[in-house]
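Those sequence lines, one after another, are chains A and B.
Heads up: the first sequence begins at 1 in my numbering, then just goes up one per residue.
Heads up: the second sequence begins at 1 in my numbering, then just goes up one per residue.
Protein chains: 2
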Amino acid sequence: MQIKECIVSAPGKAILHGEHAVVHGKVALAVSLNLRTYLRLQATSTSKVCINLPNINTFLSWDVAVLKQLLPDSGAELGNVNELDAELVRMLRNFVGVSNGTLDTRSMAILAFLYIYLCVFAKELPSLTVSVWSELPTGAGLGSSAAYSVCLAAAMLSASGTIPSPLSDQENTARWGEVEMELINRWAFQGERIIHGNPSGVDNAVGTWGGILRYRSGKITALSRVPMLRILLTNTKVPRSTKVLVAGVKDKMNKFPSIINPVLESVDAVSCTCEQTLTEMASDTPTPEHYNVLEELIDINQHHLNVIGVGHTTLDTLCQVTLARGLHSKLTGAGGGGCGITLLRPETECSVIQNTIQDLKDCGYDCWETRIGAAGVQQHSPLALHDSGLPSLLL
Amino acid sequence: MQIKECIVSAPGKAILHGEHAVVHGKVALAVSLNLRTYLRLQATSTSKVCINLPNINTFLSWDVAVLKQLLPDSGAELGNVNELDAELVRMLRNFVGVSNGTLDTRSMAILAFLYIYLCVFAKELPSLTVSVWSELPTGAGLGSSAAYSVCLAAAMLSASGTIPSPLSDQENTARWGEVEMELINRWAFQGERIIHGNPSGVDNAVGTWGGILRYRSGKITALSRVPMLRILLTNTKVPRSTKVLVAGVKDKMNKFPSIINPVLESVDAVSCTCEQTLTEMASDTPTPEHYNVLEELIDINQHHLNVIGVGHTTLDTLCQVTLARGLHSKLTGAGGGGCGITLLRPETECSVIQNTIQDLKDCGYDCWETRIGAAGVQQHSPLALHDSGLPSLLL
Chain A
1 MQIKECIVSA PGKAILHGEH AVVHGKVALA VSLNLRTYLR LQATSTSKVC
51 INLPNINTFL SWDVAVLKQL LPDSGAELGN VNELDAELVR MLRNFVGVSN
101 GTLDTRSMAI LAFLYIYLCV FAKELPSLTV SVWSELPTGA GLGSSAAYSV
151 CLAAAMLSAS GTIPSPLSDQ ENTARWGEVE MELINRWAFQ GERIIHGNPS
201 GVDNAVGTWG GILRYRSGKI TALSRVPMLR ILLTNTKVPR STKVLVAGVK
251 DKMNKFPSII NPVLESVDAV SCTCEQTLTE MASDTPTPEH YNVLEELIDI
301 NQHHLNVIGV GHTTLDTLCQ VTLARGLHSK LTGAGGGGCG ITLLRPETEC
351 SVIQNTIQDL KDCGYDCWET RIGAAGVQQH SPLALHDSGL PSLLL
Chain B
1 MQIKECIVSA PGKAILHGEH AVVHGKVALA VSLNLRTYLR LQATSTSKVC
51 INLPNINTFL SWDVAVLKQL LPDSGAELGN VNELDAELVR MLRNFVGVSN
101 GTLDTRSMAI LAFLYIYLCV FAKELPSLTV SVWSELPTGA GLGSSAAYSV
151 CLAAAMLSAS GTIPSPLSDQ ENTARWGEVE MELINRWAFQ GERIIHGNPS
201 GVDNAVGTWG GILRYRSGKI TALSRVPMLR ILLTNTKVPR STKVLVAGVK
251 DKMNKFPSII NPVLESVDAV SCTCEQTLTE MASDTPTPEH YNVLEELIDI
301 NQHHLNVIGV GHTTLDTLCQ VTLARGLHSK LTGAGGGGCG ITLLRPETEC
351 SVIQNTIQDL KDCGYDCWET RIGAAGVQQH SPLALHDSGL PSLLL
């Protein structure tokens with residue numbers, strides 16, 4: 001079959017407010033990060049399917065004929081977009097050679113790729129090469145797996161002709177329409193389920209739609225208009241277990257219900273107040289007072305996260321180091337190490353930003369200047385990425 | 001008239017939990033501090049009334065005959081124990097030469113002394129010398145004025161024979177009974193009203209009864225049994241205005257009611273959980289887990305106090321410096337500088353305590369090792385204080 005080559009990208013995600021509280025039915029605000037994952041899908045005539053994942057040092061290929069054997073004889077339909085095909089996942093796990101317990105990044109990435117490839121191209125498996133490059137660190141709670149799944153879904157749906165290319169001749173970058181994004185998101189969610197087991201669906205939704213999403217008790221709503229906010233994203237590189245941290249919060253709730261429950265209520269109100277402030281900023285001209293409120297909410301929530309026991313000395317250091325430069329920070333995601341975000345104001349000078357980044361690097365942290373509220377999944381022309389600093393693999 | 005010489009002392013106070021929240025109808029726990037104010041009342045035959053307040057470099061005397069002129073001609077009763085005699089206060093202000101606006105420590109101390117002296121001895125003014133020495137810094141929110149007022153009331157009621165001496169021959173130190181303490185507390189409250197205008201009455205209650213008092217919406221209840229807890233008391237020496245800080249909290253409540261109101265609820269629960277834990281500790285043998293809970297409550301409340309905007313970088317430093325030694329601290333009282341308390345565990349070693357005190361002194365703070373839950377107002381025999389390190393003035 002003749003497939004369409006394409007280059008796509010999807011953003012990472014951060015939690016602006018509501019991490020942990022969201023587990024207990026409170027509102028969380030998930031935002032896209034302009035640290036993106038890029039994927040190039042190329043047609044080949046090698047009768048091979050190749051995947052290059054240089055970030056995790058993974059370069060594999062299979063004969064198309066071998067992969068064909070994984071398809072059901074009956075020609076019965078494979079896993080549809082709404083449901084994971086448990087039998088196919090089981091066969092792929094055997095094929096890739098992972099037992100149920102193994103959850104290494106490489107195996108999960110391969111499983112998700114093969115699953116979406118087989119389902120989308122079930123009728124006729126093409127030979128192709130997929131190369132992926134990400135600006136996102138893996139395992140840092142920044143939605144790198146969702147950005148990867150969104151890219152896989154968008155590229156393969158596009159290559160197979162299931163969805164049209166949104167790129168016109170004059171454009172270097174374009175976004176799909178609502179219907180196509182819905183389909184991309186659903187396939188990406190299947191990828192996320194393979195990788196994470198029981199994901200909330202927030203990460204792939206942010207990767208697909210970008211911007212800012214409100215999440216509460218399983219319901220995801222996109223904020224209709226969002227301001228673009230500059231931030232520093234810092235990775236303390238302290239490894240943590242989300243599961244252990246979530247259990248710790250639950251323990252603290254059980255130990256001190258009358259103390260902790262009001263704190264979660266207050267976190268909920270922080271998320272709602274932030275949503276309202278962001279909406280105002282997008283409708284009107286953002287004012288310094290808007291930024292003051294955003295900073296106050298960041299400080300308040302950081303204290304609350306410490307109260308529920310998910311802080312860490314490295315995160316305290318992040319807050320102190322940035323506050324010494326007049327900037328406000330909080331942890332993002334699971335806490336106990338991991339990542340933090342620092343709000344930059346429009347008037348924050350370059351020298352302040354550069355000095356802060358240096359201070360944080362001196363603490364041994366990784367630090368990126370980026371934006372939240374960035375666009376969701378996009379298609380790019382090869383030309384658009386020529387000066388992007390992406391590895392030649394993709395260009 | 002023949003008056004009875006006596007030496008009395010009263011403790012300072014700290015707020016363990018509930019500062020600021022108490023303004024909004026929540027529970028606060030006020031505790032006595034074993035930093036005491038000592039007062040010696042001596043009979044003289046000089047026809048003079050002398051007061052020596054070496055802490056504030058104040059040494060004054062008046063002729064009894066001159067003071068007599070301040071008594072009403074009619075022989076009408078002077079300000080009773082339940083009500084401040086506004087006319088007498090006005091006359092004393094003129095006599096001492098303070099306008100309404102002047103609130104310096106020295107003038108207030110003299111006013112309170114003369115007021116209680118004139119009221120208690122109205123029938124026949126004796127010549128006497130009162131000398132006061134305090135281990136408490138003034139103006140640091142540690143109840144130094146209340147300890148002073150309690151000492152004034154106890155000594156003058158005792159000297160006048162209004163209440164009996166509780167000291168038996170064998171004792172060096174003794175406490176009054178409930179009826180006498182009630183009377184001492186009421187007169188001390190009049191002294192506090194002269195000094196502070198509209199005090200809550202908590203400080204003089206702690207100075208009188210000692211131990212731990214629960215305060216909510218004007219109602220004061222003493223915890224029946226309390227454990228003795230070792231603490232460090234640190235004075236950051238950063239001056240602050242309680243009025244400005246209280247107004248700041250109110251502003252924050254008005255700005256973010258849905259965020260701040262639950263925090264005050266949580267503070268209320270911290271106070272109640274602490275009360276319950278202290279009661280358990282006093283009934284049973286205190287366990288390490290009791291101390292863990294006390295430490296957790298201290299950390300939680302310190303975060304809450306930061307959320308409501310009454311923190312200060314010096315208090316952050318206090319928390320960090322003590323945490324580096326494994327000890328937990330919070331601000332006490334108004335915040336915005338001022339004082340903090342650090343809980344010491346029974347197993348905390350002397351060397352750790354000494355090193356922590358040195359660390360805090362290196363930050364420029366004053367620091368005392370003391371206890372909370374100490375005894376309230378006491379009478380001492382002169383013998384009891386001989387090795388106490390008090391100035392010779394009192395001995």
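Beta carbons are placed, not taken as given, at the ideal position from N, Cα and C, and that holds for glycine.
Can you check whether the CB of residue j is closer than 8 Å to the CB of residue i?
i	j	result
A/Leu71	A/Leu118	yes
A/Leu245	A/Val150	no
A/Asp366	A/Pro199	no
A/Ser266	B/Pro262	yes
A/His24	A/Leu232	no
B/Leu360	B/Thr234	yes
B/Val27	B/Lys13	no
A/Thr348	A/Asn34	no
A/Val120	A/Met156	yes
B/Arg240	B/Gly338	yes
B/Val22	B/Tyr148	no
A/Val81	A/Arg186	yes
A/Met281	A/Gly373	no
B/Cys6	B/Ser165	yes
B/Ile220	B/Gly197	no
A/Leu327	A/Gln302	no
A/Val377	A/Trp133	no
A/Ser271	A/Arg225	no
B/Leu238	B/His312	Reading off the sequence shown, one finds Val at residue 238 of chain B, where the question assumed Leu. For B/Val238 and B/His312, yes; Cβs fall inside 8 Å.
B/Asn292	B/Arg325	no
Closest to residue i by CA distance: which of the options is it?
i	options	result
B/Leu467	B/Val8, B/Asn52, B/Met156, B/Tyr365	Summary: the structure shown does not reach residue 467 of chain B, with chain B confined to residues 1 through 395, and so no result is reported for it.
A/Ile110	A/Glu124, A/Ser131, A/Lys123	A/Ser131
A/Asp362	A/Thr322, A/Ala188, A/Gly336, A/Thr138	A/Thr322
A/Pro286	A/Cys350, A/Val179, A/Arg345, A/Gly248	A/Arg345
B/Thr37	B/Ala146, B/Glu180, B/Arg225	B/Ala146
B/Ala86	B/Leu67, B/Arg193, B/Arg225, B/Gln170	B/Arg193
A/Met253	A/Ser47, A/Glu135, A/Ser271, A/Ile308	A/Ile308
A/Ile260	B/Gly201, B/Ile300, B/Ala375	B/Ile300
B/Leu142	B/Leu103, B/Trp133, B/Leu125, B/Val206	B/Val206
B/Pro126	B/Ala324, B/Ser45, B/Thr313, B/Val377	B/Ser45
A/Ala43	A/Thr58, A/Val64, A/Pro54	A/Val64
Assuming the contact rule is C-beta atoms closer than 8 Å, residue i and residue j should be a hit. Round their C-beta distance to whole Å, please.
i	j	result
B/Leu315	B/Thr208	Contact flag wrong, Cβ pair sits at about 29 Å.
B/Ile212	B/Leu183	Going by Cβ atoms, the distance from B/Ile212 to B/Leu183 rounds to 22 Å, so no, they are not a contact pair.
B/Leu152	B/Gly210	Not a contact, Cβ separation roughly 17 Å.
A/Leu343	A/Leu305	Not really, about 16 Å apart at Cβ, beyond 8 Å.
A/Ser160	A/Ile3	7 Å
A/Ala384	A/Asn172	3 Å
B/Leu278	B/Leu223	7 Å
B/His17	B/Cys274	5 Å
B/Arg93	B/Ile56	19 Å between Cβ atoms; not a contact.
B/Ser158	B/Gln379	7 Å
B/Met1	B/Glu124	5 Å
A/Leu318	A/Gly340	5 Å
A/Leu67	A/Val49	6 Å
A/Ala112	A/Ile195	6 Å
Would residue i count as contacting chain E if we go by Cβ distances under 8 Å?
i	result
A/Val307	Although the question refers to chain E, the structure presented lacks it and instead comprises the protein chains A and B.
Report the residue ranges of all alpha helix (DSSP H) runs contained in full by the stretch 41-69 of chain A; include only those spanning at least 4 residues, in chain order.
64-68
What are the residues of the stretch 247-275 of chain A that lie near chain B, defined by any Cβ-Cβ distance shorter than 9 Å?
Lys252, Lys255, Phe256, Pro257, Ser258, Ile259, Ile260, Asn261, Pro262, Val263, Leu264, Glu265, Ser266, Val267, Asp268, Ala269, Val270, Cys272, Thr273
Between the stretch 321-338 of chain A and chain B, which residues of the former have CB atoms less than 8 Å from a CB of the latter, in chain order?
none
Residues in the stretch 282-302 of chain B having any Cβ partner in chain A nearer than 7 Å:
Ile300
What are the start and end residues of each continuous alpha helix (DSSP H) run of 4 or more residues lying completely inside the stretch 336-391 of chain A, in chain order?
350-362
For the stretch 122-162 of chain A, list the beta strand (DSSP E) runs that are entirely contained and at least 3 residues long, ordered along the chain.
128-134
Quick check for students: name the residue ranges of the alpha helix (DSSP H) that lie wholly in the stretch 191-228 of chain A, counting only runs of 4 or more.
202-209
Return the chain-ordered ranges of every beta strand (DSSP E) run that is complete within the stretch 216-296 of chain A and spans a minimum of 3 residues.
219-222, 229-235
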